[in-house]
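Numbering of the sequence shown is given in my numbering, commencing with residue 4 and proceeding in unit increments. Beta carbons are placed, not taken as given, at the ideal position from N, Cα and C, and that holds for glycine. All values derive from a computational prediction rather than experimental measurement. Here's the structure we're looking at; comments come further down.
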Amino acid sequence: MANRIFNDIEPLALVCILQSQLFYKARGQHWRHENRAELLLKIYDDQCHLYDDSDLLIRMACAESINPISMCRFLLQEKYYMGQRPLISQLLKHPYLINDSRLAANVQQCLYSDNQEGPITDLRRRMIGEEYELKLKQLANAAGIFFYDERDLRRMGYDKTPDIKVILPFLYKGHIVNWIESKANFGDPKSHKWNIQQQLLSYCNR
């Protein structure tokens, strides 16, 4: 349906836009679901014996419009009284550490199924980021641009390190380019604003 309505936009771009909207919606409702963690755990405990497979948490996440990993995080925090995020993250990375085998299987299924957050998604983003950073360096070398990369900048004592800092700044469409930063995430207005506030402004005058 979306492809027929927005036929001038690439399907992958539409997928990225949809994922971004779902991510921001889930983040905005996070506190509401966290306050319902006790009820969600009770629903899981009441229904887990009714299913032989390991997709109950995914079904619950879909029904509640929650990311599967977020659902796991709420339930683990409630079940094991974990207030420290690193402990929960450890169980999410290594579900076999969960002493409830059925819950462990459900968490593992969520781990493999969530494309919004979680250890596997973080790893994928990091790999894409490194791939595009390498591509950026290759393009810069091909264009004859001399630069320092992040490793060079750290050796020189910089605490803020863009992907590449141009040794000899150049003009592009009337603007002076001093450094270039590549991003692996979709460039919607909200993420651009966040990146500017949290990271890119610190590169000014460098």
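Beta-carbon spacing of residue i, residue j below 7 Å
i: K140; j: Y151; result: no
i: S116; j: I61; result: yes
i: C113; j: C51; result: no
i: L79; j: I69; result: no
i: E120; j: I72; result: yes
i: L142; j: E81; result: no
Delimiting residues of the beta strand (DSSP E) encompassing residue i
i: E98; result: According to the sequence shown, residue 98 is Pro rather than Glu. Looking at the DSSP string, P98 is not in any beta strand (DSSP E), and its letter there is neither H nor E.
i: N10; result: Looking at the DSSP string, N10 is not in any beta strand (DSSP E), and its letter there is neither H nor E.
i: F77; result: Run containing F77: none in the beta strand (DSSP E); it sits in the alpha helix (DSSP H), P71 to Y83.
Cα-Cα separation, residue i to residue j
i: Y135; j: P172; result: 21 Å
i: Q22; j: A146; result: 34 Å
i: C19; j: V110; result: 25 Å
i: M63; j: Y83; result: 19 Å
i: L106; j: R128; result: 27 Å
i: E37; j: I131; result: 31 Å
i: D48; j: E41; result: 11 Å
i: L137; j: K28; result: 33 Å
i: Q93; j: I101; result: 10 Å
i: M85; j: V180; result: 47 Å
i: E153; j: N198; result: 18 Å
i: P14; j: M159; result: 43 Å
i: Q200; j: F149; result: 27 Å
i: K186; j: E133; result: 10 Å
i: Y175; j: W182; result: 12 Å
i: G177; j: D166; result: 22 Å
Run of the alpha helix (DSSP H) containing residue i, from where it starts to where it stops
i: D48; result: A40 to Q50
i: P122; result: P122 to A145
i: N181; result: Per DSSP, N181 belongs to no alpha helix (DSSP H); it is in the beta strand (DSSP E), H178 to I183.
Chain-order list of residues whose beta-carbon lies under 7 Å from that of residue i (same chain, five-residue window excluded)
i: S205; result: K163
i: F9; result: L17
i: L203; result: E184
i: R157; result: T164
i: F26; result: Q119
i: L59; result: Y47, Q50, C51 and N109
Among the options, the one whose alpha carbon lies nearest that of residue i
i: C207; options: K193, E184 and R158; result: E184
i: T124; options: D56, Y54, D55 and K96; result: K96
i: Q24; options: I199, S194, Q200 and Q201; result: S194
i: R35; options: E67, L59 and M159; result: E67
i: P89; options: K176, I46 and P122; result: P122
Near the ligand MG: residue i beta-carbon under 6 Å from a heavy atom
i: G86; result: Looking for the ligand MG in the displayed structure turns up nothing, as the structure carries no ligands at all.
Sequence-distant residues of the same chain with beta carbon closer than 6 Å to residue i, five excluded per side
i: C65; result: none
i: D191; result: S23
Cutoff 8 Å; reference residue i; Cβ partners in own chain excluding five residues on either side
i: A108; result: S57 and P98
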